[in-house]
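Structure record follows, encoded as structure tokens.
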Amino acid sequence: MNDFTPIPAFVGGALIGLAASLLLLTHGKIAGISGLYGGLLRRGTSDRAFRFWFLAGLIVAGGLVRVTFPAAFASSWSATLPVVLVAGLLVGFGTQLGNGCTSGHGVCGISRLSVRSLIATATFMLTGFATVFIVRHLIEGVR
Amino acid sequence: MKRNAAAFGAGALFALGLAISGMTKPSKIMGFLDIAGHWDASLAFVMLGAIAVHFVAYRVIIRRSAPLFDTKFHVPTRKDIEPRLVLGAALFGVGWALGGFCPGPGLVAAGGGSLHAAVFLIGMTLGMLVEHVAARAVDRPKAA
Numbered sequence: 004m005n006d007f008t009p010i011p012a013f014v015g016g017a018l019i020g021l022a023a024s025l026l027l028l029t030h031g032k033i034a035g036i037s038g039l040y041g042g043l044l045r046r047g048t049s050d051r052a053f054r055f056w057f058l059a060g061l062i063v064a065g066g067l068v069r070v071t072f073p074a075a076f077a078s079s080w081s082a083t084l085p086v087v088l089v090a091g092l093l094v095g096f097g098t099q100l101g102n103g104c105t106s107g108h109g110v111c112g113i114s115r116l117s118v119r120s121l122i123a124t125a126t127f128m129l130t131g132f133a134t135v136f137i138v139r140h141l142i143e144g145v146r
Numbered sequence: 032m033k034r035n036a037a038a039f040g041a042g043a044l045f046a047l048g049l050a051i052s053g054m055t056k057p058s059k060i061m062g063f064l065d066i067a068g069h070w071d072a073s074l075a076f077v078m079l080g081a082i083a084v085h086f087v088a089y090r091v092i093i094r095r096s097a098p099l100f101d102t103k104f105h106v107p108t109r110k111d112i113e114p115r116l117v118l119g120a121a122l123f124g125v126g127w128a129l130g131g132f133c134p135g136p137g138l139v140a141a142g143g144g145s146l147h148a149a150v151f152l153i154g155m156t157l158g159m160l161v162e163h164v165a166a167r168a169v170d171r172p173k174a175a
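From first to last, the protein sequence lines are chains A and B.
The opening position of the first sequence corresponds to residue 4 in the working numbering, with each subsequent residue numbered one higher.
The opening position of the second sequence corresponds to residue 32 in the working numbering, with each subsequent residue numbered one higher.
Quick look at the structure:
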């Protein structure tokens with residue numbers, strides 16, 4: 004069970020917006036995590052260095068957060084490992100097909116008022132709501 | 032050197048924002064997506080905070096003739112709504128709701144030692160590679 008935490012959410016969100024702005028100011032790039040990561044998996048991507056270092060920043064900071072603020076990872080719910088693997092496959096395939104995820108479409112794209120990103124964000128929110136409804140209330144609820 | 036440090040710093044700041052906002056916990060994602068349960072609107076406030084800052088900063092930054100370490104901005108300009116944009120986003124939403132991870136929090140939580148996040152990233156990497164192979168097979172031009 005989670006409590007509604009609007010203030011840390013808004014403050015953390017503002018830092019995410021600031022980080023995206025920093026990447027735009029320094030490298031002129033969109034902070035879309037799936038796009039940055041996917042580009043590293045492609046042959047012929049020319050701008051590998053900044054992708055690598057941005058993603059390294061995410062991972063290393065994750066390690067530092069674990070040491071200083073472990074509560075950030077204290078999730079009261081987790082899927083089973085096989086479900087998490089399937090979830091990863093869908094996220095990987097879907098974000099490459101749809102050119103973005105929560106960061107690239109949801110934060111950066113909406114900030115630019117991109118119609119493509121608005122449609123993508125509305126779509127993944129809707130299928131996300133529908134999936135949780137089906138899994139939690141129709142499948143698990145019946146058991 | 033400065034270029035890479037700036038990218039690393041931006042990534043680390045992004046991770047800090049995700050951690051402070053609670054988005055590194057799949058339970059917070061599920062709390063938001065479970066509208067018929069005990070709904071937790073926190074994720075909407077994360078989006079609001081991020082968009083409030085980036086909406087303004089984007090408009091200020093993009094007025095420059097170039098970013099600090101490049102000769103031009105690389106901002107998407109496409110406006111076409113194709114089926115694969117919607118289909119891809121739809122599949123992403125299903126995966127997001129099944130595992131409680133999207134790519135950013137997945138990387139941060141894996142860095143924080145989460146086995147679930149590491150397994151999620153293995154799946155995500157495979158899913159991306161499959162899409163790249165499929166895209167080449169259909170021989171359609173990819174947007175960067």
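By construction, the Cβ of each residue, glycine as well, lies at the ideal position given by its N, Cα and C atoms.
Indicate the three-state DSSP secondary structure (helix, strand or coil) for residue i in the structure shown.
i, result
"A:S117", "coil"
"A:V87", "helix"
"B:K33", "helix"
"A:G103", "coil"
"B:K59", "helix"
"B:C133", "coil"
"B:P107", "coil"
"A:M4", "Any reading at A:M4 must be qualified, since the residue scores a pLDDT of 48, below 50, and its modelled position is unreliable; the value itself is stated next. Reduced to three states, the DSSP call for A:M4 is coil."
"B:G53", "coil"
"B:S96", "coil"
"A:F72", "coil"
Please confirm whether residue i has its beta-carbon closer than 8 Å to some beta-carbon of chain B.
i, result
"A:R115", "yes"
"A:G47", "no"
"A:I36", "yes"
"A:I142", "no"
"A:R119", "yes"
"A:M4", "Confidence at A:M4 is low in this model, with a pLDDT of 48, below 50, so its placement is unreliable and no value can be given for it."
"A:R69", "yes"
"A:R51", "no"
"A:D87", "Rather than Asp, the amino acid found at residue 87 of chain A in this sequence is Val. Chain B, which has a Cβ nearer than 8 Å to the Cβ of A:V87, makes this yes."
"A:V145", "no"
State yes or no: is the beta carbon of residue i nearer than 8 Å to at least one beta carbon in chain A?
i, result
"B:M32", "no"
"B:R109", "yes"
"B:R94", "no"
"B:V164", "no"
"B:A168", "no"
Among the options, which residue has its Cα nearest to the Cα of residue i?
i, options, result
"A:L67", "B:M159, B:G142, B:L157", "B:G142"
"A:P9", "B:M78, B:P98, B:A46, B:H147", "B:M78"
"A:G131", "B:G80, B:A83, B:I66", "B:I66"
"B:V84", "A:T134, A:A125, A:G107, A:L18", "A:L18"
"B:H163", "A:Y40, A:H30, A:G20", "A:Y40"
"A:L129", "B:L47, B:P57, B:F39, B:F63", "B:F63"
"B:R109", "A:F136, A:G95, A:G112", "A:G112"
"A:A74", "B:F151, B:L49, B:H105, B:V87", "B:L49"
"A:S106", "B:F45, B:N35, B:H147", "B:F45"
"A:T83", "B:T102, B:P134, B:S145", "B:S145"
Thinking C-beta only, is residue j closer than 8 Å to residue i?
i, j, result
"B:G42", "A:A59", "yes"
"B:G124", "A:V89", "no"
"B:I82", "A:G20", "yes"
"A:F57", "B:F39", "yes"
"A:L100", "B:L138", "no"
"A:G35", "A:G103", "yes"
"B:G158", "A:V94", "yes"
"B:M32", "A:V135", "no"
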